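Here is the structure we will look at.
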Amino acid sequence: MPRKPKTIPGPSRLSGILARLTQEPRPHLPNLKSLRLTYAYRNDHFGARHFVKEDLPRIRYANPTVDIQVDKKPKTKEETWKPELVVELKNGTTHKLDIDGKWSTAIFYELMELSAGSWWQKYKKERATVGQPTTPPPPPRAKTGAAAVLP
Numbered sequence: 316m317p318r319k320p321k322t323i324p325g326p327s328r329l330s331g332i333l334a335r336l337t338q339e340p341r342p343h344l345p346n347l348k349s350l351r352l353t354y355a356y357r358n359d360h361f362g363a364r365h366f367v368k369e370d371l372p373r374i375r376y377a378n379p380t381v382d383i384q385v386d387k388k389p390k391t392k393e394e395t396w397k398p399e400l401v402v403e404l405k406n407g408t409t410h411k412l413d414i415d416g417k418w419s420t421a422i423f424y425e426l427m428e429l430s431a432g433s434w435w436q437k438y439k440k441e442r443a444t445v446g447q448p449t450t451p452p453p454p455p456r457a458k459t460g461a462a463a464v465l466p
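Written as structure tokens, this is what we have:
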């Protein structure tokens, strides 16, 4: 007979993943047909990489029928090309979002504005009445003085 543990075990890893996938706002995108994302897998495009890691699993969980294609291309430091997010809606229109230099939260909010529909506007209005922000936080300001010089 196994011994009883003296402490209560914490939440499992699976319950943590499920909590992350179902956190608010749930990205239910009824107008979305497909997403194509192209970015550098190293050396650049940090916002796009974080979007793929943080928000794309939530989008996939809430919208299992959406066709999502992610293309990670090699990029050297000398090359200059920008990440690309192409959104195709169910009515046949395609939109190319400029995601260069944006945070993952800004990319997520821009995608929600484009394809979420009326429930997203209602969600933003509810947050505004409670006094919570309805837009992503601004990016941090550039470092100045010794902090900008030191590694």
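Heads up: the sequence shown runs through residues 316 to 466, numbered per this note's numbering. Using N, Cα and C, we set each Cβ at its ideal position, and we do this for glycine too. Note that the coordinates shown come from a computational prediction; the quantities given were computed from them, not determined experimentally.
inquiry  = So if DSSP puts Val-401 in a beta bridge, which residue, or which two residues, is it bridged to?
reply    = Residue pairing by DSSP places Val-401 opposite Arg-351, Lys-411 in a beta bridge.
request  = In angstroms with no decimal places, state the Cα-to-Cα distance between Leu-473 and Glu-339.
outcome  = Beyond the ends of the chain as shown, which are 316 and 466, falls residue 473; an answer cannot be given.
ask   = Taking the alpha-carbon positions, what's the His-410 to Glu-403 distance?
value = 6 Å
key: Rounded straight-line distance, which links the Cα of Leu-426 to that of Leu-347   = 10 Å
message = For Asp-386 and Lys-392, what's the separation of their Cα atoms in angstroms?
response = 18 Å
key: Residue interval of the alpha helix (DSSP H) (run including Ile-422)   = 419-430
message = By the three-class DSSP mapping on this structure, what secondary structure does Ile-383 have?
response = strand
task = Return yes when the Cβ of Pro-342 is within less than 7 Å of the Cβ of Ile-374, no when it is not.
result = yes
request  = May I ask you to list the residues that DSSP assigns as paired with Lys-388?
outcome  = Ala-355
query = Count the other CB atoms within 10 Å of the CB of Lys-319; is the residue buried (16 or more) or exposed (fewer)?
reply = It is exposed - the Cβ of Lys-319 has fewer than 16 other Cβ atoms within 10 Å.
ask   = Among the residues of its own chain, which have a CB less than 6 Å from the CB of Phe-366, if the five just before and after it don't count?
value = Ser-419, Ile-422, listed in sequence order.
request  = Return yes when the Cβ of Lys-390 is within less than 7 Å of the Cβ of Asp-415, no when it is not.
outcome  = no
request  = State the DSSP-derived secondary structure class of Lys-321, mapped to helix, strand or coil.
outcome  = coil
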